[in-house]
Structure formats: structure tokens, C-alpha cells
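Asker:
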Amino acid sequence: MRNKPLLLGGIAALSCLTMAVPASALSVSLGGAGKAQTYYQRHQVEVTDTSTDACDVAVEYYRKKHPHKKRTVWVKTGSHTSNQSKYGSYIKKMRIHEDSWGSDRYSSWKS
Numbered sequence: 002m003r004n005k006p007l008l009l010g011g012i013a014a015l016s017c018l019t020m021a022v023p024a025s026a027l028s029v030s031l032g033g034a035g036k037a038q039t040y041y042q043r044h045q046v047e048v049t050d051t052s053t054d055a056c057d058v059a060v061e062y063y064r065k066k067h068p069h070k071k072r073t074v075w076v077k078t079g080s081h082t083s084n085q086s087k088y089g090s091y092i093k094k095m096r097i098h099e100d101s102w103g104s105d106r107y108s109s110w111k112s
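Going from the sequence shown to the working numbering is simple: count from 1 and add 1.
1. Taking DSSP as the reference, what is the three-state secondary structure of residue 94?
2. Report the CB separation of residue 27 from residue 97 in whole angstroms; it is logged as a contact under 8 Å.
3. With which residues is residue 45 paired in a DSSP beta bridge?
4. Are the CB atoms of residue 32 and residue 49 nearer to each other than 8 Å?
5. Given a cut-off of 8 Å on the beta-carbon distance, is the pair residue 86 and residue 74 in contact?
6. Applying the criterion that 16 or more other CB atoms from any shown protein chain within 10 Å of the CB defines a buried residue, is residue 108 buried or exposed?
7. Give the straight-line distance between the Cα atoms of residue 95 and residue 104, rounded to the nearest whole angstrom.
8. Measuring straight from C-alpha to C-alpha, what distance separates residue 84 and residue 71?
9. Just the C-alpha distance for residue 68 and residue 102, rounded to the nearest angstrom, thanks.
10. State the CB to CB distance for the pair residue 80 and residue 52, rounded to an integer number of angstroms; the pair is presumed to be in contact (CB under 8 Å).
Listed below in C-alpha cells is the structure:
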């Protein structure tokens, strides 16, 4: 019984620490074409063109507030440049899209 207060204090501290941990960030890439990652506890996304092939790159994503509305942020300014979404509701899933000549390429969805 001596350790009961210590044990209860440890459990309370652990539960507070667990609540303070932010939601895990998402990160996705497409074979050298581009990459995207979320920021601010998955409320904002940034996409970067990582190649020199002159193809536009986008991140497609869905937010919690409007789960059926696909949103897109494009990078059309060239190699090694980025673009960001506005801050909004929680980002549920996303993927990279490269606008290639002939056929477009997509990464798999990540949530």
C-alpha cells in the first residue's frame, strides 16, 4: 500500500503526457518527382517539386470538416520550389500527383 500514491501519481503524469503529444505528421513522396508533408498537427500541407523534369507536381488531400471534397495544391514554378495550403481542419489523407507528359503519376494515399 505504500506504493499506491506513487503509482497513481505516475499514471496521472503519464496520461497528461499522452494528451500533450501532437498528432503524427504525414509525409508522402513520389519517386523523385515530389514530396509533401503536413504541419501544425496536420492542419496545413506543403508540397515540393523535387525533380528537374519541368512537370508540375501537386498534393491532393481530404480534410476532416469536408471528407468528400478533394483539395489540391500545385507547384508550377519549377524544380525545388514549394507551395502550401491554408490552415484548416485536420488533414485525413493525402497523395502526390505528377502531371507527366503522356500519363499522370500518383503515389498511394497515406492517412
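We treat Cβ as the ideally placed atom computed from N, Cα and C, and that holds for glycine.
Answerer: Answer, in terms of the structure:
1. Within the sequence shown, residue 94 is the residue found at index 93, counting from 1. Strand, per DSSP.
2. Numbered from its first residue, the sequence shown carries residue 27 at position 26. Numbered from its first residue, the sequence shown carries residue 97 at position 96. Actually they do not touch by this definition, with Cβ atoms about 11 Å apart.
3. Counting from one through the sequence shown, the residue named residue 45 turns up at place 44. DSSP output for residue 45 lists 40 as bridge partner(s).
4. By one-based count along the sequence shown, residue 32 stands at place 31. By one-based count along the sequence shown, residue 49 stands at place 48. No, they are not a contact pair.
5. On the sequence shown, residue 86 is found 85 positions in, with the first residue counted as 1. On the sequence shown, residue 74 is found 73 positions in, with the first residue counted as 1. Cβ distance < 8 Å, so residue 86 and residue 74 count as in contact.
6. Taking the first residue of the sequence shown as 1, we reach residue 108 at position 107. With 16 or more neighbouring CB atoms inside 10 Å of its own CB, residue 108 falls in the buried class.
7. Within the sequence shown, the letter at position 94 stands for residue 95. Within the sequence shown, the letter at position 103 stands for residue 104. Whole-angstrom Cα-Cα distance: 20 Å.
8. As a working note, residue 84 is residue 83 in the sequence shown. As a working note, residue 71 is residue 70 in the sequence shown. Near 17 Å, if we compare the C-alpha coordinates of residue 71 and residue 84.
9. The residue given as residue 68 occupies position 67 in the sequence shown. The residue given as residue 102 occupies position 101 in the sequence shown. The straight-line gap from Cα to Cα measures roughly 30 Å.
10. Locating residue 80 in the sequence shown gives position 79, counting from the first residue. Locating residue 52 in the sequence shown gives position 51, counting from the first residue. Contact holds; Cβ gap of about 6 Å.
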